[in-house]
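Residue numbers (the numbering used here): 4 to 155.
To start, the structure under review is shown below, and the notes come after it.
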């Protein structure tokens, strides 16, 4: 009896859609949802980082041949950036391998009606100065997005 119920469930189109392997070749559109940036330091203005995040993620997906959709799309992207400062008193000198600004970038790509996770990445990175952090953010996003599409 249990085996028959499992066979019927596996044959249903709902089960097939939710648990079918993700095929990047079938994806044509993307939508960038919530993008947030938080900074605990005043040297880095978080509101200036959000447009950079959005544009770099969109550019990377356009390079893959996807087009941006204003409404429903094949995949939905969310991103979050958290930046913290590691400032110490000016009298204390730090070794060169310790940085002033540390950040963690979260990028998540989901698909289907079930909002199934397709790919996510959350690298951390460090920069010496706030100006370098803001200028190099596009490089950090590109490095993180280099792993998409996922390899089967």
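C-beta: ideal position from N, C-alpha, C; glycine also.
DSSP places residue 134 in the uninterrupted alpha helix (DSSP H) bounded by 133-148. Boundaries for residue 114: no alpha helix (DSSP H) harbours it, while the beta strand (DSSP E) harbouring it runs 104-114, taken from the DSSP string.
Counting C-beta atoms within 10 angstroms of its own C-beta, residue 79 has 16 or more neighbours from the protein chains shown and is therefore classed as buried. Secondary structure in the region 25-95: the beta strand (DSSP E) runs of 3 residues or longer, each lying completely within the stretch, are 32-42, 78-88 in chain order.
By the Cβ criterion, the region 111-119 is not in contact with the region 134-143, since fewer than three pairs of Cβ atoms, one from each stretch, lie closer than 8 Å. The Cβ-Cβ distance between residue 127 and residue 47 does not fall below 8 Å.
One thing to note: residue 59 has its Cβ no nearer than 8 Å to the Cβ of residue 85. Residue range 119-124 is occupied by the beta strand (DSSP E) that includes residue 119.
Residue 52 and residue 150 have their C-alpha atoms roughly 22 Å apart. Burial is judged here by how many other beta carbons sit within 10 angstroms of a residue's own beta carbon; residue 136 has at least 16 and is buried. Note on residue 42: 16 or more other CB atoms within 10 angstroms of its CB, so buried under the neighbour-count rule. With contacts defined as CB atoms closer than 8 Å, residue 57 and residue 30 fail to qualify as a contacting pair. By the Cβ-count criterion, residue 33 is buried, with 16 or more other Cβ atoms from all chains shown falling within 10 Å of its own Cβ.
Approximately 23 Å separates the beta-carbon atoms of residue 55 and residue 152; this is outside 8 Å, ruling out the contact.
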